[in-house]
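For reference, the structure is listed below as structure tokens.
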Amino acid sequence: MKKYVSLRIGNVISFLIDKKAFFLTFVFFLAAFFVILVSASVGEVMISPVQVFQTIFGIGDGTNELVIKQFRLPRILISLLVGMCLAVAGGILQNLVRNPLASPDIIGITGGASAAVVLFLMLFSDKNHSLTVSIHWMPLAAFIGAAVTGICVYLLSWKNGVTAIRLVLVGIGISFLTKALTTLLMIKGPIYQASQANIWITGSVYAANWSQVKILFPATIILLLITVVTVRTINIQSFGDEIAIGMGNRVQLTRFFLLFLGTALTAVAVAFGGGIGFVGLIAPHIARKLVGSSFGLMLPISAFVGALIVMLSDLLGKTIFLPHEIPAGVFTSAIGAPYFIYLLMKHRNI
Amino acid sequence: MHRLYTHELTFAYGQNMIIEDLNLTIPTGEITVLIGSNGCGKSTLLKSLARILKPAGGSVLLEGKDIAELPTKEVAKKLAILPQGPEAPEGLTVLQLVKQGRYPYQNWLNQWSKEDEELVFRALEATRMSELAERTVDSLSGGQKQRAWIAMTLAQNTDIILFDEPTTYLDITHQIEILDLLFELNMKEKRTIILVLHDLNLACRYAHHIVVLKDKNIYKQGKPEDVMNVQLVKDVFEMDCKIIRDPIFGTPLCIPFGKGRNINKVGIQHGKVDVR
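Chains as they are written, first to last, in my numbering: chain G, 1 to 350; chain H, 1001 to 1276.
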């Protein structure tokens, strides 16, 4: 028991704390903080970390304040939150379908959001290719697309209840359907929109601003809190239906709820970050490698790993090809795709 | 009072009827073993008893109430089941696995109460898994793995425990080890244990009560020494055999007929032992 500490407060609160997981969570928290600082100081204008601190606490000069507070910070925060949401969504879905290869992109939720965004750009453009409604509505379109797809996947998987394997297979089918729809809409639409849609689909956080943070921040906090409360229930899903039922879990109800939670997390993430791929696949997997598959232990680490991946991808995207910016999604996919193949090779029996 | 029984239980997979109008009372505080040929519905019956499968008709009653209508978490505090060939998520430790057995008693804030700790450690001790508590389940041998799962079921602290073929894939040493463990649980703590087993001889040795299934219903039930005979084995398993008393334990021992080396001067003709 040297690896654990029991924490008990009265008869209401009690936890068994895994020292290693606790320590690693702290390490990743510090790492995330460090990346935030670096990301706030580099870019077209270089600002020293000291000045970054000064600016954040309101004692820096005006130019720095503009660059950091108006441009960099919202973008960093959006990356952080998007990464967390995608990672947690991935972890939930992987436990739900009992397969480490599941993720929001693979079961079609991200694809549904992409199709909705392209549809949005097409429906609300006039003949001069300018939008007839504000671009601020685009996240809403993405959210609706993701949610509708999540519901479709669930309903189509229903046959006297939903089994994990049917959920994956239907999800993969729907995912391809949304891709076909996206391509069709892009070909039918004007070229101008195709490039705009493409950047969105790849996933980027260029356009981040404080009003987005104001929506994404509380949404993320609420969804993460719900996840924390349901950790035990998510955990027991990974033991399979028979054991979960035997332990007194209402499996069908839980499955519906968890798909809903995973979809909501993905939907808020893609609404502001676009179709950033593979984060939901890799982050939980890295966390599981570090602390094992107990969901309560891997959840915080997975969230920070997801945040780090997106923040670092955006950092690379805005620095290495200066003055050009590369969407963060390019880097997440560049790391993610080979990693996915590695996972497939390692789990040949899946 | 009998705590667990079925009333005209019927179960079907689609059009395929598996169990029909089955009435079974599980003797409280005893070991009951379900036997029968492959596909006779032993596992189906066991899973229905534990509400994992929903019956097409009839009901399973726990303390006089329909198990389907009781809150499932309350059922989980009275009845535990270990399914056949369970699989743990990758990288899970034995302690984490056994702790899972406390699920019906926990909530999101209260996940490691003193009682949880006590029962988890007691379960680890009873299954001799304390030393291995921090190992991952994937790294254990077959027998150890099964003991870890049994520990999880014990941590659930229920009076009734169901096991679906707990000895499958284990060598003879570990089969006996597991059955001894269950036997002790029954002896020391008077837990009601229900098992599905394939080995007739082990079934006769460890069961107080044996339930033989055939043709969607119970063919016969009772004490193994009263129930087991040549005709039963022939009817249920379509096999000829000789039943003798176990020279050590005195329980029925079934010697199947068939081919094989015969170094005795005893032959088998027309399903009868023939001493030359």
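Glycine residues also receive a C-beta, built at the ideal position from the N, C-alpha and C atoms.
Candidates the options, of which the one nearest residue i by Cα
{"i": "Ser313 of chain G", "options": "G:Gly329, G:Gly145, G:Phe304, G:Ser302", "result": "G:Gly329"}
{"i": "Asn1023 of chain H", "options": "H:Met1152, H:Val1075, H:Tyr1219", "result": "H:Tyr1219"}
{"i": "Lys159 of chain G", "options": "G:Leu181, G:Gln252, G:Leu343, G:Val118", "result": "G:Gln252"}
{"i": "Tyr192 of chain G", "options": "G:Tyr154, G:Gly10, G:Ser125", "result": "G:Ser125"}
{"i": "Phe34 of chain G", "options": "G:Val231, G:Ser333, G:Ala307, G:Pro327", "result": "G:Ala307"}
{"i": "Met1228 of chain H", "options": "H:Leu1253, H:Ile1248, H:Glu1238", "result": "H:Leu1253"}
{"i": "Ile92 of chain G", "options": "G:Lys346, G:Lys318, G:Thr266, G:Ala337", "result": "G:Thr266"}
{"i": "Gln212 of chain G", "options": "G:Pro74, G:Ile47, G:Phe15", "result": "G:Pro74"}
{"i": "Leu1092 of chain H", "options": "G:Phe295, G:Asn64, G:Val168", "result": "G:Phe295"}
{"i": "Gly274 of chain G", "options": "G:Lys20, G:Asn198, G:Leu343, G:Gly317", "result": "G:Asn198"}
{"i": "Thr254 of chain G", "options": "G:Ala207, G:Gln237, G:Ser41, G:Glu242", "result": "G:Gln237"}
{"i": "Gly262 of chain G", "options": "G:Lys346, G:Leu156, G:Ala89", "result": "G:Ala89"}
{"i": "Ile135 of chain G", "options": "G:Ala208, G:Val82, G:Lys3", "result": "G:Ala208"}
{"i": "Lys1099 of chain H", "options": "H:Thr1251, H:Asp1159, H:Glu1090, H:Trp1112", "result": "H:Trp1112"}
{"i": "Asp105 of chain G", "options": "G:Pro323, G:Ile282, G:Val12", "result": "G:Ile282"}
{"i": "Asp971 of chain H", "options": "H:Gln1106, H:Val1094, H:Val1120, H:Glu1008", "result": "Given that chain H is displayed from residue 1001 to residue 1276, the structure contains no residue 971 of chain H and the question cannot be resolved."}
{"i": "Cys1241 of chain H", "options": "H:Lys1272, H:Lys1265, H:Lys1214", "result": "H:Lys1272"}
{"i": "Thr1168 of chain H", "options": "H:Ala1133, H:Ile1255, H:Lys1145", "result": "H:Lys1145"}
{"i": "Phe15 of chain G", "options": "H:Glu1115, H:Arg1147, H:Asn1016", "result": "H:Glu1115"}
{"i": "Tyr206 of chain G", "options": "G:Leu322, G:Leu81, G:Ile326", "result": "G:Ile326"}
{"i": "Phe71 of chain G", "options": "G:Leu343, G:Leu322, G:Ile309, G:Glu44", "result": "G:Glu44"}
Nearest-angstrom Cα separation, counted from residue j out to residue i
{"i": "Leu315 of chain G", "j": "Pro49 of chain G", "result": "15 Å"}
{"i": "Met186 of chain G", "j": "Trp137 of chain G", "result": "19 Å"}
{"i": "Gly111 of chain G", "j": "Val148 of chain G", "result": "11 Å"}
{"i": "Gly108 of chain G", "j": "Ile174 of chain G", "result": "6 Å"}
{"i": "Gly1064 of chain H", "j": "Leu1004 of chain H", "result": "8 Å"}
{"i": "Asp18 of chain G", "j": "Phe143 of chain G", "result": "36 Å"}
{"i": "Lys289 of chain G", "j": "Ile1035 of chain H", "result": "42 Å"}
{"i": "Gly1143 of chain H", "j": "Ala164 of chain G", "result": "29 Å"}
{"i": "Leu86 of chain G", "j": "Gly280 of chain G", "result": "5 Å"}
{"i": "Phe1011 of chain H", "j": "Tyr1206 of chain H", "result": "28 Å"}
{"i": "Gln1221 of chain H", "j": "Leu1109 of chain H", "result": "46 Å"}
{"i": "Ile350 of chain G", "j": "Ile56 of chain G", "result": "Because Ile350 of chain G carries a pLDDT of 45, less than 50, the predicted location of this residue cannot be relied on, and no value is offered for it."}
{"i": "Leu1162 of chain H", "j": "Arg1128 of chain H", "result": "20 Å"}
{"i": "Val1137 of chain H", "j": "Ile1268 of chain H", "result": "47 Å"}
{"i": "Leu101 of chain G", "j": "Lys2 of chain G", "result": "33 Å"}
{"i": "Leu1119 of chain H", "j": "Ala219 of chain G", "result": "39 Å"}
{"i": "Ile1018 of chain H", "j": "Lys1216 of chain H", "result": "5 Å"}
{"i": "Trp1149 of chain H", "j": "Ile243 of chain G", "result": "11 Å"}
{"i": "Met311 of chain G", "j": "Val117 of chain G", "result": "23 Å"}
{"i": "Gly1058 of chain H", "j": "Thr1006 of chain H", "result": "8 Å"}
{"i": "Leu7 of chain G", "j": "Glu1117 of chain H", "result": "12 Å"}
{"i": "Thr1025 of chain H", "j": "Asn1262 of chain H", "result": "42 Å"}
{"i": "Val32 of chain G", "j": "Ala180 of chain G", "result": "According to the sequence shown, residue 32 of chain G is Ala rather than Val. Distance between the alpha carbons of Ala32 of chain G and Ala180 of chain G: 37 Å."}
{"i": "Leu121 of chain G", "j": "Val270 of chain G", "result": "16 Å"}
{"i": "Gly150 of chain G", "j": "Leu156 of chain G", "result": "10 Å"}
{"i": "Ser39 of chain G", "j": "Ala146 of chain G", "result": "29 Å"}
{"i": "Glu1238 of chain H", "j": "Val97 of chain G", "result": "42 Å"}
CB of residue i within 8 Å of CB of residue j, strictly
{"i": "Glu1087 of chain H", "j": "Gly240 of chain G", "result": "yes"}
{"i": "Lys1223 of chain H", "j": "Gly1029 of chain H", "result": "no"}
{"i": "Ile1067 of chain H", "j": "Val1060 of chain H", "result": "yes"}
{"i": "Val1075 of chain H", "j": "Leu1195 of chain H", "result": "no"}
{"i": "Thr182 of chain G", "j": "Ser114 of chain G", "result": "yes"}
{"i": "Cys967 of chain H", "j": "Thr1173 of chain H", "result": "Nothing in the structure corresponds to residue 967 of chain H, since chain H is present only between 1001 and 1276."}
{"i": "Val153 of chain G", "j": "Leu140 of chain G", "result": "no"}
{"i": "Ile1031 of chain H", "j": "Ala1050 of chain H", "result": "no"}
{"i": "Gln1106 of chain H", "j": "Arg250 of chain G", "result": "no"}
8 Å Cβ cut-off: residues of chain B touching residue i
{"i": "Val12 of chain G", "result": "Absence of chain B from the displayed structure is noted, the protein chains being G and H."}
Residue i CB to nearest heavy atom of the ligand SAM below 7 Å
{"i": "Gly10 of chain G", "result": "The model depicted lacks the ligand SAM and carries no ligand whatsoever."}
Contact list for the segment 219-241 of chain G against chain H, Cβ threshold 8 Å: If you check each beta-carbon in the segment 219-241 of chain G against every beta-carbon of chain H, the ones closer than 8 Å belong to Val228, Val229, Thr230, Val231, Arg232, Asn235, Ile236, Ser238, Phe239, Gly240, Asp241.
Residues of the segment 1049-1066 of chain H whose Cβ lies closer than 8 Å to any Cβ of chain G, in chain order: Of all residues in the segment 1049-1066 of chain H, those with a C-beta nearer than 8 Å to a C-beta of chain G are Ala1050, Arg1051, Ile1052, reading in chain order.
Listed from N- to C-terminal order along the chain, which residues in the segment 260-293 of chain G have their beta-carbon within a distance smaller than 7 Å of any beta-carbon of chain H? Listed by position, the residues of the segment 260-293 of chain G near chain H (Cβ gap below 7 Å) are Arg288, Gly292, Ser293.
Can you pull out the residues from the segment 1007-1041 of chain H whose beta carbon lies closer than 9 Å to at least one beta carbon of chain G? Of all residues in the segment 1007-1041 of chain H, none places a beta-carbon less than 9 Å from a beta-carbon of chain G.
If you measure beta-carbon to beta-carbon, which residues of the segment 1065-1084 of chain H are closer than 9 Å to chain G? So the close ones are Pro1071, Thr1072, Lys1073, Glu1074, Val1075, Ala1076, Lys1077, Leu1079, Ala1080, Ile1081, Leu1082, Pro1083, Gln1084.
Give the residues from the segment 131-160 of chain G that approach chain H closer than 7 Å (Cβ to any Cβ), ordered along the chain. Against chain H - using a Cβ distance shorter than 7 Å - the segment 131-160 of chain G contributes no residues.
Contacting positions in the segment 162-183 of chain G - beta carbon closer than 9 Å to chain H: Hits within the stretch: zero.
In the segment 66-81 of chain G, which residues sit with their C-beta less than 9 Å from some C-beta in chain H, listed in chain order? Of all residues in the segment 66-81 of chain G, none places a beta-carbon less than 9 Å from a beta-carbon of chain H.
With 9 Å as the limit, tell me which residues of the segment 1090-1101 of chain H have their beta carbon closer than that to any beta carbon of chain G; keep them in chain order. For chain G, the residues of the segment 1090-1101 of chain H that bring a beta carbon within less than 9 Å of one of its beta carbons are Glu1090, Gly1091, Leu1092, Thr1093, Leu1095, Gln1096, Leu1097, Lys1099, Gln1100, Gly1101, in chain order.
Residues within the segment 1125-1137 of chain H neighbouring chain G, beta-carbon criterion of under 9 Å: Residues passing the 9 Å Cβ filter: Ala1133, Glu1134, Thr1136.
Contact set between the segment 200-213 of chain G and chain H, restricted to residues whose Cβ is under 8 Å from the partner: Close to chain H, meaning a Cβ-Cβ distance shorter than 8 Å, is no residue of the segment 200-213 of chain G at all.
Going residue by residue through the segment 162-243 of chain G, where are the continuous alpha helix (DSSP H) segments of at least 4 residues, counting only ones entirely within it? Runs found: 164-188, 191-202, 210-229, 231-237.
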